[in-house]
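Numbering (the working numbering), first residue to last: 743 to 847. The beta-carbon is built from N, C-alpha and C at its ideal position, and this holds for glycine as well.
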């Protein structure tokens, strides 16, 4: 598992609404968003995350880019990770996010 060796707390949500509820309550350093969430409005979801904590790192998995955008910054995410899931890349983004947060706290 990606974070089991990283001493991180993991929360799961079955919907975007529940994920935002958890984020508002816990203010996570790193958010992994599955594009397959049934109620996901990506633009709204990412805006809520950025409003709640502009420094939170966000990785979109299974990302399908709108309008040909290929840069994660274009859609306000830190990483876009398609399928098959690249666990090495996800781990790298996670470690960078966590290390960056430690430096700001």
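How far does the alpha helix (DSSP H) with residue 772 in it extend, from its first residue to its last?
One-based indexing of the chain shown puts residue 772 at position 30. Counting along the chain, residue 772 sits inside no alpha helix (DSSP H); it lies in the beta strand (DSSP E) bounded by residues 772-776.
Quick check on the burial criterion: 16 or more other C-beta atoms within 10 angstroms. Buried or exposed for residue 827?
As a first step, residue 827 is located in the chain shown; it is residue number 85 there, counting from the start. Using a 10 angstroms sphere on the CB of residue 827, the tally of other CB atoms stays under 16, which defines it as exposed.
Am I right that residue 781 and residue 758 are in contact with their C-beta atoms under 8 angstroms? What's the rounded C-beta distance?
For the purposes of this step, residue 781 is taken as the residue at position 39 of the chain shown. For the purposes of this step, residue 758 is taken as the residue at position 16 of the chain shown. 5 angstroms between Cβ atoms; contact.
Given that a residue counts as buried once 16 or more other Cβ atoms are within 10 Å of its Cβ, and exposed if not, what is residue 771?
Along the chain shown, read from residue 1 onward, the residue named residue 771 stands at position 29. Under this definition residue 771 is a buried residue.
Taking only the alpha-carbon atoms, compute the straight-line gap between residue 793 and residue 841 and give it to the nearest angstrom.
Looking up residue 793 in the chain shown gives position 51. Looking up residue 841 in the chain shown gives position 99. Cα to Cα, residue 793 sits roughly 21 angstroms from residue 841.
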